[in-house]
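Please read the structure below before turning to the comments.
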Amino acid sequence: MGLLFPYEQGNPGYYCTPSGQWPCARGRKYFGRGPIQISYNYNYGQCGRAIGVDLLNNPDLVATDPVISFKSAIWFWMTPQSPKPSCHNVITGRWQPSGADRAANRLPGFGVITNIINGGLERGRGSDSRVQNRIGFYRRYCKILGVSPGYNLDCGNQRSFGNGLLVDSM
-3 MGLLFPYEQG NPGYYCTPSG QWPCARGRKY FGRGPIQISY NYNYGQCGRA IGVDLLNNPD
57 LVATDPVISF KSAIWFWMTP QSPKPSCHNV ITGRWQPSGA DRAANRLPGF GVITNIINGG
117 LERGRGSDSR VQNRIGFYRR YCKILGVSPG YNLDCGNQRS FGNGLLVDSM
């Protein structure tokens, strides 16, 4: 919902994972903010380092500063974090699934992007209204742009990539 809301909706949590490299700043929360709803301290830390801003101490900048907001979205979209490919490489066809990916039903398509972004929340749960809504939006925009949505649009039968850009246990 990042493209609609600058802050995570509902009852956002603290989202702090113990980390020596990306320690949580006192009094700061790392819930979803910005167009792709970046969350967790380690994502704010990595993104901030990449774009040259201290987001660990200033996470609200992702929602309140338009330039930082879209820099964070572009960083997330373009940056692979092993074992996850970048969303960009998936949608452009540059990512080719390994044997382990195929065994986990992670095949090229929009579903893998959902797995990368929200794997712990939505993948492997069968039919889910959030997933169906997202697929509907994706199909609508593909139609407007005159492109095929392709195959493998949901992640309902995929296994997660594991911890990475957005943690699986959110």
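Take the sequence shown: its position 42, counting from 1, is numbered 38 in my numbering, and each next residue is one higher.
Ideal placement from N, C-alpha and C gives every residue a C-beta, glycine not left out.
Between the C-alpha atoms of residue i and residue j, what's the straight-line distance to the nearest angstrom?
{"i": "Phe106", "j": "Gly132", "result": "11 Å"}
{"i": "Ile34", "j": "Gln154", "result": "22 Å"}
{"i": "Gly28", "j": "Ile140", "result": "28 Å"}
{"i": "Tyr38", "j": "Gln17", "result": "8 Å"}
{"i": "Val58", "j": "Arg98", "result": "35 Å"}
{"i": "Asn101", "j": "Gln42", "result": "28 Å"}
{"i": "Gly23", "j": "Arg90", "result": "41 Å"}
If residue i sits next to residue j, beta carbons under 8 Å apart, how far is it from one beta carbon to the other, in whole angstroms?
{"i": "Phe157", "j": "Pro55", "result": "That belief does not hold up - the Cβ atoms of Phe157 and Pro55 are roughly 24 Å apart, past 8 Å."}
{"i": "Ser82", "j": "Gly30", "result": "Actually they do not touch by this definition, with Cβ atoms about 17 Å apart."}
{"i": "Val143", "j": "Val108", "result": "Wrong, their Cβ atoms sit about 17 Å apart, outside the cutoff."}
{"i": "Tyr137", "j": "Leu149", "result": "Actually they are not in contact, since the Cβ atoms of Tyr137 and Leu149 sit about 13 Å apart, beyond 8 Å."}
{"i": "Pro8", "j": "Lys25", "result": "7 Å"}
{"i": "Cys151", "j": "Thr110", "result": "5 Å"}
{"i": "Ile113", "j": "Ile32", "result": "7 Å"}
So the alpha helix (DSSP H) residue i belongs to, where does it begin and stop?
{"i": "Ala69", "result": "Pro62 to Met74"}
{"i": "Gly95", "result": "Gly95 to Ala99"}
{"i": "Gln128", "result": "Ser125 to Leu141"}
{"i": "Ile47", "result": "Asn37 to Ile47"}
Looking only at DSSP bridge pairs, what is residue i linked to?
{"i": "Tyr3", "result": "Arg29"}
{"i": "Gln77", "result": "Lys80"}
{"i": "Ile34", "result": "Arg29"}
Looking at chain C, is there any beta carbon in it that lies within less than 9 Å of the beta carbon of residue i?
{"i": "Asp61", "result": "No chain C is present in this structure, which holds just one protein chain."}
* May I ask you to verify whether the segment 58 to 67 touches the segment 84 to 99, counting CB pairs closer than 8 Å and requiring at least 3? => no
* **Touch test, the segment 68 to 75 against the segment 126 to 136, Cβ-Cβ under 8 Å, three pairs minimum** => no
* To do: Taking 8 Å as the threshold, find out whether the segment 48 to 57 comes into contact with the segment 7 to 15 through three or more Cβ pairs.
  => no
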